[in-house]
Amino acid sequence: MVIKSLRTTARKVVVVAAAGALAATGAIALAGTADAATTLGAAAAARGKYFGAAVSAGHLGEAQYTSTWTTEFNGVTPENEMKWDTIEPNRNQFNFSPADQITTQARGRSMTIRGHTLVWHSQLAGWVSGLDATNLRSAMVNHINGVMGHYKGQIYAWDVVNEAFAENGARRSESPFQQKLGNGYIEEAFRAARAADPAAKLCYNDYNTDGQNAKSNGVFAMVQDFKSRGVPIDCVGFQSHFNSASPVPSDYQANLARFASLGVDVQITELDIEGSGSTQANNYTRVLNACLAVSRCTGITVWGIPDKYSWRASGTPLLFDSNYGKKAAYTAALNALNGGTTDPPPENPPPSGGACTATVTTNQWQDGFVGTVRVTAGSAQVNGWTVTVTLPTGATITSGWNANRSGNIGAVNFTNVSFNGSIAPGQSVEFGYQGTGTGSGATTSCAAG
Ligand code: G2I
284 MVIKSLRTTA RKVVVVAAAG ALAATGAIAL AGTADAATTL GAAAAARGKY
334 FGAAVSAGHL GEAQYTSTWT TEFNGVTPEN EMKWDTIEPN RNQFNFSPAD
384 QITTQARGRS MTIRGHTLVW HSQLAGWVSG LDATNLRSAM VNHINGVMGH
434 YKGQIYAWDV VNEAFAENGA RRSESPFQQK LGNGYIEEAF RAARAADPAA
484 KLCYNDYNTD GQNAKSNGVF AMVQDFKSRG VPIDCVGFQS HFNSASPVPS
534 DYQANLARFA SLGVDVQITE LDIEGSGSTQ ANNYTRVLNA CLAVSRCTGI
584 TVWGIPDKYS WRASGTPLLF DSNYGKKAAY TAALNALNGG TTDPPPENPP
634 PSGGACTATV TTNQWQDGFV GTVRVTAGSA QVNGWTVTVT LPTGATITSG
684 WNANRSGNIG AVNFTNVSFN GSIAPGQSVE FGYQGTGTGS GATTSCAAG
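At position 84 of the sequence shown the residue is numbered 367 (our numbering), and the sequence of numbers has no breaks.
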């Protein structure tokens, strides 16, 4: 304890000295060195960009999943929850609750939310593909109005149309929208989207468009045409799913830049790169540096958080391993966002960002005890916590304060109350309990989020 407080004091002295030096030189920010951000989202924000992750509502109950998301990322794309088959499974019957579980948390943290996706031939509700042209057109516009209307003002950018092009640069023929409405359906969708939420950026999103090729040329020509005719389009999403069969193209940055030159933003929307170790890390560095070098590249989204939940988990394509450990690719991404000049974070940071620790002090008397639990945030803000106190056999809690409690023997969970859920980095809050039997020897663990 004494050592810790001395270290804290020493650190404060350094910070004060650095601030004084900054004031003296008039410098505004320290680039890349002592002030390097320690999370992906903060590092991206310092560069004027967002760094998001695809999130599944079904995993939000896993504390490490949610805490990694909310600690590391400042953006989100619901992975499946806004797709047509989920959000409008029957005609004009909208099911917003799965997506709302994600957007509610994201909005509470002021995250950048990408909406994915309004018009796509895949994960389409069964009832849609059987409609005739007239009904399909009105169903498409009704879908756009219904979904965008529900999230009006909340979404940074919508993937209005997804994956409409074939590899040869022609329109994808298996889409019922293409088949029944013809080439004009994309334009119709974008016009309806602009009317439904004028504040949202409207994107076209696709894969295998990451370098200059027949497919990206087809998309390029469409965007150029839309711009020349005043059809509303604000951004192009590059999914960027890479592996050895489909590596990061050598003209990746040049391709982003050529789209940006049309007067649209570009975004990396579903990034994942199969592989491991330094090869994977170097590929992440290349992709991030490309976005950082293109001023109209407004943000990056990785398509999942831990490898185990990736749509192609066997290729371990993400930044966190299946135990939420930070991979070499994570360090590479963070360094790139920080300007490429920072040291990698320690292997086992004490405790890692967003995490919390709990310690208990027990005051024991003959047949009773009081436990005082101190909950301390790690290197990032904690927003909500659960502490599990495991009591020795025979101990029974009879009352408590400053926490909600479930149970009174064995492993007892305590969660924050309204006034002590938010803990600033490195700060602590306390709660307590009283009981009968022997309480000393209790152990604790803490989960944030
Ligand atoms: O396929 C990878 C991505 C390509 N670009 C568009 C993205 O929307 C697409 O995402 C993936 C999701 O990551 C997967 O999670 O889209 C897949 C479907 O095309 C999603 O997979 C589906 C499974 O196929 C279903 O069996 C499952 O019920 O996810 C569903 C929900 O977990």
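Even glycine gets a Cβ: it sits at the ideal position worked out from N, Cα and C.
How long is the line joining the alpha carbons of residue i and residue j, rounded to whole angstroms?
i: T400; j: W441; result: 7 angstroms
i: G324; j: T360; result: 14 angstroms
i: T673; j: T644; result: 13 angstroms
i: K435; j: I427; result: 11 angstroms
i: S527; j: I556; result: 9 angstroms
i: P481; j: A340; result: 27 angstroms
i: T581; j: K484; result: 11 angstroms
i: S499; j: N491; result: 7 angstroms
i: G677; j: G661; result: 33 angstroms
i: C639; j: F714; result: 14 angstroms
i: G718; j: V695; result: 12 angstroms
i: S728; j: V670; result: 6 angstroms
i: T417; j: G467; result: 14 angstroms
i: F525; j: N687; result: 46 angstroms
i: V514; j: A319; result: 41 angstroms
i: W586; j: S682; result: 45 angstroms
i: G344; j: I385; result: 11 angstroms
i: C479; j: F542; result: Checking the sequence shown, residue 479 turns out to be Ala, not Cys. Using only the alpha carbons, I get a separation of about 25 angstroms.
i: R397; j: L419; result: 25 angstroms
i: G732; j: Q649; result: 37 angstroms
i: A453; j: F697; result: 58 angstroms
i: G622; j: T552; result: 21 angstroms
i: V502; j: A596; result: 29 angstroms
i: V338; j: T655; result: 36 angstroms
i: A382; j: A329; result: 28 angstroms
i: S578; j: N691; result: 56 angstroms
i: N249; j: A389; result: There is no way to answer for residue 249, as the model of the chain reaches only from 284 to 732.
i: L407; j: E457; result: 12 angstroms
i: A725; j: V658; result: 15 angstroms
i: G429; j: L545; result: 30 angstroms
i: E450; j: A641; result: 54 angstroms
i: G315; j: V700; result: Interpretation of G315 is limited by its pLDDT of 41, a score under 50 that renders its predicted location unreliable; no figure is taken from the coordinates.
i: T414; j: F460; result: The sequence as given places Leu at residue 414; Thr does not occur at that position. C-alpha separation (whole angstroms): 10 angstroms.
i: T322; j: Q563; result: 19 angstroms
i: S605; j: S689; result: 29 angstroms
i: S723; j: W668; result: 23 angstroms
On the DSSP letters alone, give me the boundaries of the alpha helix (DSSP H) that residue i sits inside.
i: P381; result: 380–391
i: L407; result: Run containing L407: none; DSSP gives neither H nor E here.
i: Q536; result: 535–543
i: L343; result: Element bounds for L343: n/a, residue is neither H nor E.
i: D368; result: 367–370
i: A327; result: 323–329
Look up residue i in the DSSP assignment and say whether it is helix, strand or coil.
i: K609; result: strand
i: Q550; result: strand
i: T568; result: helix
i: D555; result: strand
i: F702; result: coil
i: A638; result: coil
i: A694; result: strand
i: Q376; result: strand
i: N496; result: coil
i: S723; result: coil
i: S511; result: helix
i: S527; result: coil
Starting from residue i and walking both ways along the beta strand (DSSP E), at which residues does that stretch end?
i: T719; result: 711–719
i: S728; result: 726–731
i: T400; result: 395–402
i: T351; result: T351 -> not in any beta strand (DSSP E); alpha helix (DSSP H) instead, spanning 346–355.
i: G520; result: 518–521
i: T360; result: 358–361
i: G335; result: 333–338
Assuming residue i and residue j make a contact with CB atoms under 8 angstroms, what is their CB distance in whole Å?
i: T395; j: Y439; result: 5 angstroms
i: L620; j: F334; result: 7 angstroms
i: F356; j: I370; result: Incorrect: roughly 22 angstroms between the Cβ atoms, too far for contact.
i: D489; j: Y535; result: Contact flag wrong, Cβ pair sits at about 15 angstroms.
i: G409; j: T584; result: Contact doesn't hold; Cβ gap of about 28 angstroms is too wide.
i: M423; j: A472; result: 6 angstroms
Query raised in the report: In the segment 646–688, which residue ranges form an unbroken beta strand (DSSP E) of at least 3 residues, counting only runs that do not cross its ends?
Result: 651–660, 668–673, 679–684
Query raised in the report: Along the chain, which unbroken stretches of the beta strand (DSSP E) at least 3 residues long are found entirely within the segment 572–617?
Result: 580–585
Query - Residue ranges of each alpha helix (DSSP H) within the segment 409–490, 4 or longer - result: 409–412, 416–433, 459–464, 468–479
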